[in-house]
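I have placed the structure first, in the form of structure tokens, so that the comments after it can refer back to it.
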Amino acid sequence: MMDAFKNIWSIPELRRRILYTFGMLGVYRIGSHIPTPGIDKDALRTMFEQNAGSILGFVDLFSGGNFANLTIFALGIMPYITASIILQLLTVVWPYLEKLSKEGEAGRKKITQYTRYGTVVLSVVQGFGIALLLESMSSGTAGQIVLNPGWSFRLMTVLTLTTGTAFLMWLGEQISERGIGNGISLIIYAGIVVGLPGAIISTVQDLKSGTLNAIQVLLLIILMVAVIAAIVFVERAQRRIPIQYARRVVGRRVYGGSSTYMPLRVNSAGVIPVIFASSVLAIPSTLGTIPALANVGWIQEILRQIDYSAPLYALLYFAAIVFFCFFYVSIIFNPMDQADNMKKYGGFIPGIRPGKRTAEYIDQILTRLTFAGSVYLGLISILPMFLISGFRVQLLPGVGPYLDRILPDFITTGLGVKFFFGGTSLLIVVGVAMDTVQQIESQLIMRHYEGFMKGTRIKGRRG
Amino acid sequence: MAHGRQRLKRWVGRLQGRPVDWGGQAFRGDLAAIREQGRRLETLDNPGFAEEVRRCREAVRPVLAVEEITGNSERNRDRCIALQRCFALAVDACRRALGMRPYDSQVLAGLALDAGKMVQMQTGEGKTLAAVAPAFVGALAGQGVHVLTFNDYLAGRDAEWMGPAYRMLGVEVASVVQGMDPAPRRAAYAADVTYATAKEAGFDLLRDSLVRSVSAPVHRGFGLAIVDEADSILIDEARIPLVIAGREQGGEGRPDWFAAIAAGLPSDGYLIDEGARNVSLSEAGYARLESELGCGPLVDAGNLELLTGIHCALHAHLLLHRDVDYIVRDGEIALVDAHTGRVAEKRRLPDDLHAAVQAKEQLAGGQRGAVLGSLTLEHFLSGYRRLSGMTATAETSAEEFRDFYGLETVVIEPHRPSRRIDHPDRIYTDGEAKRRALVREIEEEHRRGRPVLVGTASVAESELLAGQLSGAGVPCNVLNARRDAEEARIVAEAGALGAVTISTNMAGRGTDIRLGGRDESQREAVLALGGLLVLGTARHESRRIDDQLRGRAGRQGDPGETRFSIGLDDPLLTRYGIEKMVPEPRWPAPGDEPVDDPVVAFETHRAQRIVEGENLEVRRTLERYSAIVKQQHERLSQRRGRCLTASTGELVDELGSEERNESLRQAVGRALETHPECADDVRQILLGHHDRIWREHLAHVGELRQTIHLQSVARLDPLAVFQKEIIDAWDRRQAELDQRIQASLEVWAADPERHPPLQQGLGAPAATWTYLITDDPFRHQLLGELAGTAKGLGIVAIFPVVFAWWIYTRFFWKR
């Protein structure tokens, strides 16, 4: 372990890149403490506390806590992600962009440029939306959030937030280019893990004050490690479908470890189904805050049943994740396309005819893998919920009280420990960390190799 | 107006930090000093000049040599003075020996070449002459100087043409061309200045890496390279790796049988993807063949060889066309180089494809080859201590030169401003209409006596057009791969009164078309007719190649006109789906009239840009994927080089470091004592194993590269996976190399007479040839990835919509 760090440190370029990355993330953190002007911070915080579990919390996750404090980075990197997604979508449907994307480097540069413009436009729109929203809201007890509503406030907010996002985008691109890893992911990552020290401190305080006992903390640590290990394990898991190419010379021996296979991931969908599921489940609770509905009894009952901590919510959440897993995989991975592509270049799965049958075969394997992957995603996602409050089965209509009686306490009320990260955060954090480590590793291999080779050039025998 | 726009373009370019220097201002000071010294030199008589050269050589050599060793690119004062002195001598030598006094623009270009730049000079501005002075400086520094030309003809011609000037400067000059024997080749490389094609020099390096005796290599080292027509060599050709192959033992297939199967397959039995140049069996084809051959499912692992044979035969039958991709000559197929349009000597199609094409043409089967070594031109050129280049079309690709080769571009203003008129393209709906119109136009111009040069994209197209022209009673000269020998004469006469010349794109490069031809008196008449008319029959794969063809006209301030004619069924356009690019209502009705529609014109140009972009991408990918393999080869070459040069006694040190080593060393020692005549056997065993292990490694690399793009299915970086696997594989192979050497030597040492290296299959390859890998494994990889991720990520777009909706309801409700 230490050796690995020493290796990384001993390569000047890698060292420079890593330091650069940390430096840039530092800049990001400094910006995260600069609030947008004209806001009553306390009122804002109260408002957020009142709306926990709605989509606001989710937005906050991606902005790394900047949204809740309405700092200059409140919009986070989300407009950039949205813009690049829109551009990529358009690339598929809009022939002009499709052609541009095929024009190589120059075309891609142009698309990147459009993405940046798109980011600014989206930031302006979202910034304006937030300004109007803030003006319209009061947190009840603490009064108006905006100190001086009006056009000057709106313009200032739009300008501040748009600048913040543009700067973040630049920061991310700089990290990707001169640092290590994907800058945009790392910024999201940094926003999440920055809460870690605070969580540790509060755990230590809880331990001191007796709110938590040592066994609980130990359990927590073990669980934490186990969950992370499980994520790493599943994220790396692949099913390898052998592929042969009948185009080259045959009769050659088979090389061990040769990558002539199609790797299918157990979790091909990544973290996106979780994001979808939470977005969808956030809708009812968000609706519930609308006063016109707040007084209707049966709506309130439904909302109570699918409240963030209710068992029905967990069930729905799980089901939604499974559903979105299949949904998403079916979109990103088209077995027919893959089979056609393979066929075009003379590739085939031994024993299976190219074309339709190959597509069916891949589809079958993919379906099984996705089932396993979706269950995994679902479990990881509801785990923190369970740890904090358990499955509060007594909320269930009918059987609730009975189940509450017969099930042990740790199921019904949870362990009462604070899990540092939610399931989504955990998946993002581990995913980004794995990608970055992989990138460092591959750089390390390359440098190591070049180090050996240094100073050698092609030379004539007598030269 | 045009001038103003150009200045604006330059200004914007400077603002964007483009690596282009307009006019070579940095070298103006040197130029003045050289001219100053030149005036003094001109007063000397020839013996006086020779004495001056002698003194200069003595004085300058240490200065230049030191500069090279320190590699200090800061032009210190000493070097600056030495440089000016050498340049002044070279310039005057050109005047004395060749009767050509280099213009300021040529001297500036020479200075830029010496400084390691990419020099852009208009066609006809005398690049060949500009290279003499920097080559002289390089030669004085004591390293080999290679002037890398575009084709063999130019290598021979330039060496001969510039020869007198070099000799006057006391510099040996020689050229290397295809088909030369090793001995004269070696002698040519030993000269101070060697003219050769980049490919030939690269292949020589590859062949050198396989030699079995210390005296066999032909190269002597790599000092300075001046690349002529550099854009073509550094960009267009760089994406094609040079591959050397040798015969593989055993494994003779049944190409005739496969050819018959392929020929008998009806057209619904296969699917052709003309764009990517691939063919595969269709569902119906599988069913038909399986019942015909009675072999069970073709896709069973056991039928792999059968299926491969069928694929190869289909490829040969449907995708490779006689007289376009190859010609039949002396009972053998000879491949046509797509870039030069010439027959490539000793070149074959990779894998079983060569035998398949032989069988298709009902010729005796060719052998299957195994790849023995490969090298990209880029890696080859990076082996030179100093690199510089010159071309007529560099500026548009300045960023590429910087990124790939670290070369900055210097644009040299033409000696006389160009008067050439480039007309917009004429677009026809089909090739027939295009050719009819061309024939009409050529006929008319020919009647007036104006010389016409027609540039075609393929040999077949040249023949077709030539046939139609002679049908119309217009005599024309055809320049293509089948008339190598006459090329120089025809090109020289292309500017003569009434000459009509049809050529594939090779004739353009580097050859001087003088208006009026040899007959100076006709020059005025041709000038009066408007100079040379250049007609392109199709756009090429890059704008640079088009520009080169255009550059034939209007040399040195002469008048001239150029125009390209395009058929909407040109291969370049159909390959990239022009019919999908042009909106349905704008699609022109077939007819003889040229299409006058800006949208159609725009799309035809876009097709070209897409090809350019793709080629660049292929090149970048090739570079990334070959970097590690190149390093591995360098490492192996070092060890192999030691085996080659070591004395018999030292050889035992190369046996690897195992405990078996000691006993083996003794055994080998004893064997050598009893059989001193077998001393070279040990070396041959070592070298043979090195070559064999490398051959296997290359085969593995090739296989891996074909399938590595599948890694992106698991969202892994294919390049990273590739590198890791290749490095692991190489580590294993190195260990295996030691083991194999030891095992072989044990067998040998037991009885040297009965077990010579040849018997162990370790002899040198009997024959080698070259491959041009044209179906690059990366192309489909680029297209596949994009769509999948884009569609997938798009769904996340729902998220902000939900967010926006939420804000909207909140906000609205309050009102």
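Chains as they are written, first to last, in this note's numbering: chain A, 5 to 467; chain B, 706 to 1520.
Ideal Cβ placement from N, Cα and C applies to all residues, glycine included.
| Asked | Found |
| --- | --- |
| What distance in whole Å lies between the Cβ atoms of Leu285/A and Leu316/A, which are believed to be in contact at a cut-off of 8 Å? | Wrong, their Cβ atoms sit about 10 Å apart, outside the cutoff. |
| Which ranges would you report for the alpha helix (DSSP H) in the region 831-888 of chain B if only whole runs of at least 4 residues count? | 832-835, 837-845, 857-873 |
| Kindly indicate which residue of Arg782/B, Arg1257/B, Gly1088/B has the alpha-carbon position closest to the one of Arg1124/B. | Arg1257/B |
| Go to Lys1051/B, then tell me how far its beta strand (DSSP E) extends in each direction, as first and last residue. | Counting along the chain, Lys1051/B falls outside any beta strand (DSSP E), and DSSP gives it neither H nor E. |
| Under 7 Å Cβ-Cβ, which residues of chain B neighbour Lys4/A? | The shown model of chain A, from 5 to 467, leaves out residue 4/A, and the question about it has no answer. |
| In its own chain, which residues sit with a C-beta less than 6 Å from the C-beta of Ala1099/B, not counting the 5 before and 5 after it? | Met823, Gln825, Asp936, Thr1114 |
| Take every Cβ of the region 236-253 of chain A, pair it with every Cβ of the region 1005-1013 of chain B, and state whether three or more of those distances are shorter than 8 Å. | yes |
| Can you name the start and end residues of the alpha helix (DSSP H) that Met228/A belongs to? | 218-240 |
| Could you spell out where the alpha helix (DSSP H) holding Gly686/B opens and where it closes? | Outside the shown range of chain B, which is 706 to 1520, sits residue 686/B, and nothing can be said about it. |
| Quick check: is the beta carbon of Thr1013/B nearer than 8 Å to any beta carbon in chain A? | yes |
| Three or more C-beta pairs under 8 Å: does that hold for the region 836-852 of chain B against the region 925-936 of chain B? | yes |
| Please report the residue range of the alpha helix (DSSP H) in which Gln1313/B lies. | 1303-1350 |
| In this structure, how does DSSP classify Ser36/A when only helix, strand and coil are distinguished? | coil |
| Kindly list the residues whose CB is nearer than 6 Å to the CB of Pro807/B, restricted to its own chain and excluding five residues on each side of it in sequence; keep chain order. | Val796, Cys799, Leu834 |
| Kindly indicate which three-state DSSP category Ser985/B falls into: helix, strand or coil? | strand |
| When we look at the beta-carbon of Asp1252/B and count the other beta-carbons within 10 Å, is it buried (16 or more) or exposed? | buried |
| Comparing alpha-carbon positions, which option in Ile279/A, Met173/A, Val333/A lies nearest Thr371/A? | Val333/A |
| Locate the beta strand (DSSP E) running through Ala1039/B, then write down its first and last residues. | 1037-1040 |
| Look up Tyr265/A in the DSSP assignment and say whether it is helix, strand or coil. | strand |
| In chain order, what residues of the region 1153-1171 of chain B put their CB closer than 8 Å to some CB of chain A? | none |
| How is Thr243/A classed by DSSP in three states: helix, strand or coil? | The question names Thr, but residue 243/A in the sequence shown is Arg. Three-state result, Arg243/A: strand. |
| If you count every other CB in all the chains shown that lies within 10 Å of the CB of Ser996/B, and 16 or more means buried, which is it? | exposed |
| At what residues does the alpha helix (DSSP H) containing Trp1453/B begin and finish? | 1423-1455 |
| Ile966/B versus chain A: which residues are under 7 Å apart at the beta carbon? | Near Ile966/B there are no residues of chain A at all, since even the closest Cβ is about 14 Å away, more than 7 Å. |
| Under DSSP, the beta strand (DSSP E) around Ala930/B begins and ends at which residues? | 929-933 |
| Tell me whether the beta-carbon of Val1159/B lies closer than 8 Å to the beta-carbon of Ile1207/B. | yes |
| Between Arg1107/B, Gly843/B, Gly884/B, Asp857/B, which lies nearest to Ala896/B when the distance is taken from Cα to Cα? | Gly843/B |
| Closest to Cys791/B by C-alpha separation, out of Gly1262/B, Ser810/B, Asp819/B, Ala1021/B, would be which residue? | Asp819/B |
| For Asn1182/B, list the residues DSSP reports as bridge partners. | Thr1206/B |
| I'd like the ranges of any beta strand (DSSP E) spanning at least 3 consecutive residues and lying wholly in the region 1082-1117 of chain B. | 1091-1096, 1113-1116 |
| Report the partner residues of Arg357/A according to the DSSP bridge assignment. | Partner(s): none; Arg357/A has no beta bridge. |
| Check distances from the C-beta atoms of the region 730-747 of chain B to those of chain A and list, in chain order, the residues that come in under 8 Å. | none |
| Could you tell me whether the Cβ of Lys113/A comes closer than 8 Å to any Cβ of chain D? | Here the protein chains are A and B, and chain D is not one of them. |
| Is the beta carbon of Asn73/A less than 8 Å from the beta carbon of Pro41/A? | no |
| Using only CA atoms, which one of Tyr118/A, Asn299/A, Trp98/A, Gly111/A lies nearest to Thr86/A? | Tyr118/A |
| So with CB distances below 8 Å, who are the chain A contacts of Ala1006/B? | Gln248, Pro354, Gly355 |
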